[in-house]
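A.B. asks: My questions all concern the structure below.
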Amino acid sequence: MTSNIEWNRRKFIAGAGALGVIGLLPMQASAQGLGLGSLLGKATDSALDQLAQPGAFYGDKDVRIGLPIIGKKRGGLLGSVLNAGQKLGVLDGVTRKINDAAGFAAGQAKPIFRDAINNLSFNDAPGIVSKNDGGTRYLRTSSNDTLHAKLTPLVDSALEEIGVYGEFESLSSKHSFISAAGLNRESINKSVTDQGLDGIFSYIATEERTFRKNPLGNIGGALGDLLGS
Numbered sequence: 016m017t018s019n020i021e022w023n024r025r026k027f028i029a030g031a032g033a034l035g036v037i038g039l040l041p042m043q044a045s046a047q048g049l050g051l052g053s054l055l056g057k058a059t060d061s062a063l064d065q066l067a068q069p070g071a072f073y074g075d076k077d078v079r080i081g082l083p084i085i086g087k088k089r090g091g092l093l094g095s096v097l098n099a100g101q102k103l104g105v106l107d108g109v110t111r112k113i114n115d116a117a118g119f120a121a122g123q124a125k126p127i128f129r130d131a132i133n134n135l136s137f138n139d140a141p142g143i144v145s146k147n148d149g150g151t152r153y154l155r156t157s158s159n160d161t162l163h164a165k166l167t168p169l170v171d172s173a174l175e176e177i178g179v180y181g182e183f184e185s186l187s188s189k190h191s192f193i194s195a196a197g198l199n200r201e202s203i204n205k206s207v208t209d210q211g212l213d214g215i216f217s218y219i220a221t222e223e224r225t226f227r228k229n230p231l232g233n234i235g236g237a238l239g240d241l242l243g244s
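First residue of the sequence shown: 16, per our numbering; consecutive thereafter.
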């Protein structure tokens, strides 16, 4: 047991060297006390703030949410059918509304991500510090299912409020290819949540890398915690 703790401590100190703080870490500090929660919290808050801006999801092709696809998020026969409908102009408005719904959910998601970050332990620290997107990877591997489950009702409410469900029902009654796709509330919600979470993690990783490049500027508070100052 003691040897495992010592190994984790050595790995953490080695990773901390990448931030230029090797040898300066308080030995008794927890992961939160080391400032990792602060760093990751700032990255997630910044990412969510950006994606919550009107048109942010739709305006970025790298994270833009495509039409709901059962089984596969962006491909397959169903995807071809729905994309054909979009090219005809039938579904363009729905696509924009879906992305708006994801942005609305992102704006409400800070407490969910903060809860996941608060579960950081000292044993998580080595992997987080040693990679420039280590915090994002930690969240994705440790909390993805929980985050998905908690985001689902937010996305559901947003899709309802923005009118996505109602528009699909209306279009389905007018166009056979939509009704034949077999889309329902649950499948639409899951597809949007899946793709929205992918986009959120992509932005968090970018923000985390940015903060790490300028620790004395952007995350001065977190680095102060890390050094115990």
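Quick reminder that beta carbons are idealized off the backbone N, C-alpha and C, glycines included. All values derive from a computational prediction rather than experimental measurement.
How big is the Cα-Cα spacing for L15 and G56?
C.D. replies: No statement about residue 15 is possible, as the shown extent of the chain runs from 16 to 244 and does not include it.
A.B. asks: Confirm, please, whether the CB-CB distance from A116 to W170 is below 9 Å.
C.D. replies: For clarity, residue 170 is Val in the given sequence; the question names Trp instead. Yes, these two residues count as a Cβ contact at 9 Å.
A.B. asks: Short check: CB of I80 to CB of I113, under 9 Å?
C.D. replies: Yes, the pair counts as a contact, with Cβ atoms nearer than the cut-off.
A.B. asks: I believe A121 touches L66 by the beta-carbon criterion, under 8 Å. Please report the beta-carbon distance rounded to the nearest angstrom.
C.D. replies: That pair is a contact at about 4 Å.
A.B. asks: Less than 9 Å between the C-beta atoms of R227 and L54, yes or no?
C.D. replies: For R227 and L54, yes; Cβs fall inside 9 Å.
A.B. asks: Below 8 Å, how does it come out for the region 152-168 and the region 182-191: are there three or more Cβ pairs, yes or no?
C.D. replies: As far as the Cβ criterion goes, the region 152-168 does not touch the region 182-191, which means the pair count is below three.
A.B. asks: Output the distance between the C-alpha atoms of G150 and K125, rounded to the nearest integer angstrom.
C.D. replies: Going by the C-alpha atoms only, they are around 16 Å apart.
A.B. asks: Could you check the C-alpha separation between L198 and E176 for me, to the nearest Å?
C.D. replies: Cα-Cα distance, rounded: 18 Å.
A.B. asks: Quick one: which unbroken beta strand (DSSP E) runs of 3-plus residues sit fully inside the region 149-226? Chain order, please.
C.D. replies: Taking only runs of at least 3 residues, no beta strand (DSSP E) segment lies wholly in the region 149-226.
A.B. asks: Leaving aside the five residues before and after S158 along the sequence, list all residues of the same chain whose C-beta is less than 8 Å from its C-beta, in chain order.
C.D. replies: Here the set comprises A131 and N134.
A.B. asks: Which of the three DSSP states, helix, strand or coil, is assigned to P126?
C.D. replies: P126: helix per DSSP, three-state reduction.
A.B. asks: When the Cα atoms are used, what is the spatial distance from E182 to V144?
C.D. replies: Cα-Cα distance, rounded: 46 Å.
A.B. asks: Using the C-alpha atoms, what's the distance from T110 back to S202?
C.D. replies: Cα to Cα, S202 sits roughly 15 Å from T110.
A.B. asks: Have a look at R152, G178, L174 and G142 and flag the residue whose alpha-carbon is nearest the alpha-carbon of G211.
C.D. replies: Comparing Cα positions, the closest option is L174.
A.B. asks: Would you decide whether N229 is buried or exposed? Buried here means 16 or more other CB atoms lie within 10 Å of its CB.
C.D. replies: Exposed: under 16 other Cβ atoms inside 10 Å.
A.B. asks: List the endpoints of the continuous alpha helix (DSSP H) containing P69.
C.D. replies: Here P69 belongs to no alpha helix (DSSP H), and DSSP marks it neither H nor E.
A.B. asks: Distance, Cα to Cα, E184 vs N204?
C.D. replies: Between E184 and N204, the C-alpha separation is close to 14 Å.
A.B. asks: Using C-beta distances below 6 Å, list every residue in its chain close to F119, excluding the 5 sequence neighbours before and after it, in chain order.
C.D. replies: So the qualifying residues of the chain are A173.
A.B. asks: According to DSSP, is D60 part of a helix, a strand, or is it coil?
C.D. replies: Residue state, collapsed to three classes: helix.
A.B. asks: S206: buried (16+ other C-beta within 10 angstroms of its C-beta) or exposed?
C.D. replies: It counts as buried.
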